[in-house]
Amino acid sequence: MTRLLLTLALSCGLILTVGHSQGATYGVTYRSAQDGLAPLAVTFDARVPGSAQVEWDFGDGQRATGVAPLHTFYLPGTYQVNVQVRDGGRTMNGVLNVQVRDGGPESARITVLHGENAVSFSAEGSRIYAPFSPRWTLNGAPLQTATVTLREGAHVVRVDLQGRAGPVSKEVRFVVGSVSASVAFDAEVLRLTNDARARGWDCTLLRFGAAGKPPLARNAQLDAAARAQTNAMALHGYFAHVNPIDGSSAGERARAAGYAWTGVAENIAGGQTTPQEVVTGWLKSPGHCKNIMGEFQEIGLSYGARPNSELRTYWTQVFAKR
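Residue numbers (mature numbering (1 follows the signal peptide of the UniProt record, and there is no 0)): -23 to -1, 1 to 299.
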């Protein structure tokens, strides 16, 4: 039995030109999650010469300097973000309006990242309308670090967060077990993927001849997200992009691994025995193929085998761009 499945998520953004001077264009952009829900992390970017100084007023009482600040708007509302660019005695001003929607009641979430020799926990996906520091409990005992090595078997992790309206918490039960990885298989999936991009695989005609794409660079954080998905599928007996154990999506796993993406996609497969078989299957599936040939910059990969599981072998690709 073999299976294939895919998912895709994107961020939205806006570009504002704040001025022109001596042939140079001074612009600012921002990127955020497509749903626009609070708390909303927004990446700002000033496209200015290296000599310019940039100041930001986010409209919520917070300010920053620099060309690429990351700011979180914790409460719903419309924020008028003022940006000022100074360069060589010239001053230019611009305004961005950032709309933040109500995300509903505060809630705690846990993303469990099954690694090769350890398990990591993240509160990624929690909806808290204020800065927070998670307090972790593992099997009833306080946990001092969010990454641990655990024995095989069942475990329960709990996170407690202090929300704006009061405390919230979440528990997740999960299992730890042996899933065999293959460095050689991961490397070959990467080679075949980049070969298809370079030679211009056509996802409609299912043959080479389309415009080529640059190679995807391997990224350790995306590898961790891919490994978490592969291991969780093998250990928990599911085949889906949303992990039913902790509720995490591909995008949440990537963020939990430390990757701040503006676009992310995931291909998964199960039951295939070789890299050639799995990549060929993805390329012949239009949706998977579009991920492989997409406008991404980096990739994470993970093959895993667990003989007594339903599909026995599991494959994950995580594509992303910043």
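Beta carbons: idealized from backbone N, C-alpha and C, even for Gly.
Where residue i falls: helix, strand or coil (DSSP)
i, result
"F216", "coil"
"I269", "helix"
"N116", "coil"
"F162", "helix"
"G66", "coil"
"G4", "strand"
"R150", "strand"
"D179", "strand"
"L14", "strand"
"R184", "strand"
"R204", "helix"
"R299", "coil"
"I(-9)", "Confidence is the limiting factor: at I(-9) the pLDDT is only 49, short of 50, which leaves the residue's position unreliable, though a coordinate-based value still follows. Three-state result, I(-9): strand."
"R168", "helix"
"R174", "helix"
Boundaries of the beta strand (DSSP E) in which residue i is found, first to last residue
i, result
"K190", "First-last for K190: undefined, no H or E at that position."
"T49", "47 to 50"
"G281", "275 to 282"
"V19", "17 to 24"
"A41", "40 to 42"
"F109", "Element bounds for F109: n/a, residue is neither H nor E."
"S99", "96 to 99"
"L127", "Counting along the chain, L127 falls outside any beta strand (DSSP E), and DSSP gives it neither H nor E."
"L90", "88 to 91"
Buried or exposed (CB count within 10 angstroms, at least 16 for buried), residue i
i, result
"L182", "exposed"
"T250", "exposed"
"D172", "exposed"
"G228", "buried"
"Q198", "buried"
"A23", "buried"
"L193", "buried"
"L212", "buried"
"S157", "exposed"
"L47", "exposed"
"S(-13)", "Bear in mind that a pLDDT of 47 at S(-13), under 50, signals an unreliable position, so the model cannot answer this."
"R78", "exposed"
"F50", "buried"
"E275", "buried"
"E272", "exposed"
"S99", "buried"
"S110", "exposed"
"A(-15)", "With a pLDDT of only 48 at A(-15), under the threshold of 50, the placement of this residue in the model should not be trusted, and no figure is reported."
"K147", "buried"
"A131", "exposed"
"A201", "buried"
"P263", "exposed"
"S28", "exposed"
"F185", "exposed"
"A297", "buried"
Unbroken alpha helix (DSSP H) run spanning residue i, endpoints
i, result
"G228", "227 to 233"
"E254", "252 to 260"
"D79", "Per DSSP, D79 belongs to no alpha helix (DSSP H) and is neither H nor E."
Which residues DSSP lists as bridging residue i, in chain order
i, result
"N59", "D34, V72"
"P144", "Q139"
"V134", "L115, V149"
"G54", "V77"
"S157", "A282"
"R289", "Beta-bridge pairing links R289 to no other residue."
- Pair every Cβ in the stretch 126 to 142 with every Cβ in the stretch 84 to 94, then say whether three or more of these pairs are closer than 8 Å. yes
- Would you check if there are 3 or more beta carbon pairs closer than 8 Å linking the stretch 205 to 222 to the stretch 280 to 294? yes
- Query: If we count Cβ pairs, one from each stretch, closer than 8 Å, do we get three or more for the stretch 24 to 36 versus the stretch 44 to 62?
  - Reply: yes
- Query: Are the stretch 271 to 291 and the stretch 150 to 167 in contact at 8 Å, needing three or more beta carbon pairs?
  - Reply: yes
- Could you tell me whether the stretch 125 to 139 touches the stretch 107 to 116, using the rule of 3 or more Cβ pairs below 8 Å? yes
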